[in-house]
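**Q** Before I ask anything, here is the structure I am working with.
Residue numbers (this note's numbering): 1 to 399.
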């Protein structure tokens, strides 16, 4: 996908690397997106500005993990209070006053991420270098309208050879809400790429058995499957699970391939020089690989193709992206915590007890000062107290 740069996007843009035939690249991407659902996934692989309300909604398999209120997009929308949504694929920021002013940043675009406590309204490279962290404000110092000590989240991204940097600042100084969820979810995304990316020659097999991912289940295991990637082919074993398909060579477990349903473009049976073969084409995002497998007999081949297509359709309805993170203590919003005040149906009967606080504030019937008297307790002359009041009672009010 090409990033449509608006004014806000231009503020975030920091560098342009390389050039190419944009029209040709766009045509390839659009053709692939029209041909397969696999190529329609953009949420975790793109940086977009001012997206529509439809694109801000959660796609199938995407879940909202955390919601941070009173967050400022310091670089693009300085001084504008907004909300930061953390999902298992991306972060979304939008203005509270004007929701159409927003941005979506996929985790796959992240290059670097860190948090710092800002003690002033100015964020510069000198402050960023403290602690030896390799992160620089490529576009120069940033001045925020905030004052006092507050936490800021710095994200450096790269999308379509263009670098963007984002700074999100907590509008409320001293707020207990931190950006730890963003960092933790991004870490979970980075460590679960086996769910989403095509992998070659990985540590997939242990003792001739597939090393299962969390929530993964093996539906079928087929021995004696030939991989037709070479002239003579390689004999191995085929695994069909609810998340991916895996093949590995019988003689070398490290000669393998793992292809998640998320990256499968099509599954067909085609004729080859080896006879009928199972042909699996990957999405353009993975390079558009075409993998061929020969399964005998033909009836078994057709059953395998039907099973893979069926599991692929089920997976497309509710994909498993593998990013599992739960907030230990998710704070409630102020609206949820506000309790309506209920008027008690009781009557308070007055007694003869004198309220010293009332006397201290006002003496409604007083026309003139009362005569001075000597107070042995204070050792000086004071105005005579009103009947029923004592110095001790007045001191207790002040205390």
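Glycine included, every Cβ here is placed at the ideal spot set by N, Cα and C.
1. Measure the alpha-carbon distance for residue 66 versus residue 280 and round it to whole angstroms.
2. Mind checking which residues open and close the beta strand (DSSP E) that includes residue 62?
3. Taking DSSP as the reference, what is the three-state secondary structure of residue 112?
4. DSSP on residue 71, reduced to helix/strand/coil?
5. Select from 75, 376, 219 and 386 the residue whose C-alpha is nearest the C-alpha of residue 369.
6. Can you check whether the C-beta of residue 94 is within less than 8 angstroms of a C-beta belonging to chain D?
7. Give a yes or no on whether the C-beta atoms belonging to residue 240 and residue 303 are separated by under 8 angstroms.
8. Three or more C-beta pairs under 8 angstroms: does that hold for the region 86-94 against the region 314-327?
9. If you drop the 5 nearest sequence neighbours on each side, which residues of the same chain put their C-beta closer than 6 angstroms to that of residue 205?
10. Is it the case that the Cβ atoms of residue 223 and residue 311 are separated by a distance below 8 angstroms?
11. Have a look at residue 186 and residue 274 and give me their C-alpha separation to the nearest angstrom.
12. Can you give the Cα-Cα distance for residue 180 and residue 255, rounded to whole angstroms?
13. Are the CB atoms of residue 184 and residue 74 within a distance shorter than 8 angstroms?
14. For residue 161, which of 296, 71, 154 and 111 has the nearest alpha-carbon?
15. Assign residue 230 to one of two classes, buried (16 or more other C-beta atoms within 10 Å of its C-beta) or exposed (fewer than that).
16. How should residue 263 be labelled, buried or exposed, when 16 other C-beta atoms within 10 angstroms of its C-beta is the threshold for buried?
17. Straight-line CA distance for residue 305 to residue 104?
18. Just the Cα atoms here: how many angstroms apart are residue 202 and residue 269?
19. To the nearest angstrom, how far is the alpha carbon of residue 99 from that of residue 41?
20. With DSSP as the reference, identify every bridge partner of residue 227, one or two as the case may be.
21. In whole angstroms, what separates the C-alpha of residue 163 from that of residue 108?
22. Leaving out five residues before and five after residue 373 in sequence, what residues of the same chain have Cβ atoms less than 6 angstroms from its Cβ?
**A** On the basis of the coordinates in this document:
1. What you label residue 66 is simply residue 66 of the chain shown in a count that begins at 1. What you label residue 280 is simply residue 280 of the chain shown in a count that begins at 1. Rounded to the nearest angstrom, the two C-alpha atoms are 37 angstroms apart.
2. In the chain shown, the residue the question calls residue 62 occupies position 62. No beta strand (DSSP E) holds residue 62; DSSP gives it neither H nor E.
3. Walking along the chain shown from the start, residue 112 turns up at place 112. Residue state, collapsed to three classes: strand.
4. Your numbering for residue 71 matches position 71 in the chain shown. Here residue 71 sits in strand by DSSP.
5. For this step, residue 369 is matched to residue 369 along the chain shown. If we check each option's Cα against that of residue 369, 386 comes out closest.
6. Among the chains of the structure shown, chain D does not appear; only one protein chain is present.
7. Here the question's residue 240 lines up with position 240 in the chain shown. Here the question's residue 303 lines up with position 303 in the chain shown. No; because the gap between Cβ atoms is not below 8 angstroms, this pair is not in contact.
8. yes
9. Within the chain shown, residue 205 is the residue found at index 205, counting from 1. These residues qualify, in order along the chain: 248 and 253.
10. Here residue 223 refers to the residue found at position 223 of the chain shown. Here residue 311 refers to the residue found at position 311 of the chain shown. If you check the CB distance, residue 223 and residue 311 do not come in under 8 angstroms.
11. On the chain shown, position 186 is the one that residue 186 refers to. On the chain shown, position 274 is the one that residue 274 refers to. Between residue 186 and residue 274, the C-alpha separation is close to 44 angstroms.
12. Position 180 of the chain shown, counted from the first residue, corresponds to residue 180. Position 255 of the chain shown, counted from the first residue, corresponds to residue 255. Taking the straight line joining both Cα atoms gives about 39 angstroms.
13. Residue 74 sits at position 74 when you count from the first residue of the chain shown. Residue 184 sits at position 184 when you count from the first residue of the chain shown. Not a contact, by the Cβ cut-off of 8 angstroms.
14. The residue labelled residue 161 in the question sits at position 161 within the chain shown. Taking only the C-alpha atoms, the option nearest residue 161 is 111.
15. For the purposes of this step, residue 230 is taken as the residue at position 230 of the chain shown. By the neighbour-count rule (16 or more Cβ atoms within 10 Å), residue 230 is not buried but exposed.
16. If you number the chain shown from 1, residue 263 lands on position 263. By the neighbour-count rule (16 or more Cβ atoms within 10 Å), residue 263 is buried.
17. Translated into positions along the chain shown, residue 305 becomes position 305. Translated into positions along the chain shown, residue 104 becomes position 104. Near 37 angstroms, if we compare the C-alpha coordinates of residue 104 and residue 305.
18. The residue labelled residue 202 in the question sits at position 202 within the chain shown. The residue labelled residue 269 in the question sits at position 269 within the chain shown. Computed Cα separation, rounded: 27 angstroms.
19. Counting from one through the chain shown, the residue named residue 99 turns up at place 99. Counting from one through the chain shown, the residue named residue 41 turns up at place 41. Their backbone Cα atoms lie some 23 angstroms apart in a straight line.
20. What you label residue 227 is simply residue 227 of the chain shown in a count that begins at 1. DSSP, once it has assigned bridges, lists 234 and 293 as partnering residue 227.
21. In the chain shown, counting from the first residue as 1, residue 163 sits at position 163. In the chain shown, counting from the first residue as 1, residue 108 sits at position 108. One C-alpha to the other measures close to 13 angstroms.
22. Locating residue 373 in the chain shown gives position 373, counting from the first residue. Only residues of its own chain outside the window of five on either side were considered, and among them 384 have a CB closer than 6 angstroms to the CB of residue 373, listed in chain order.
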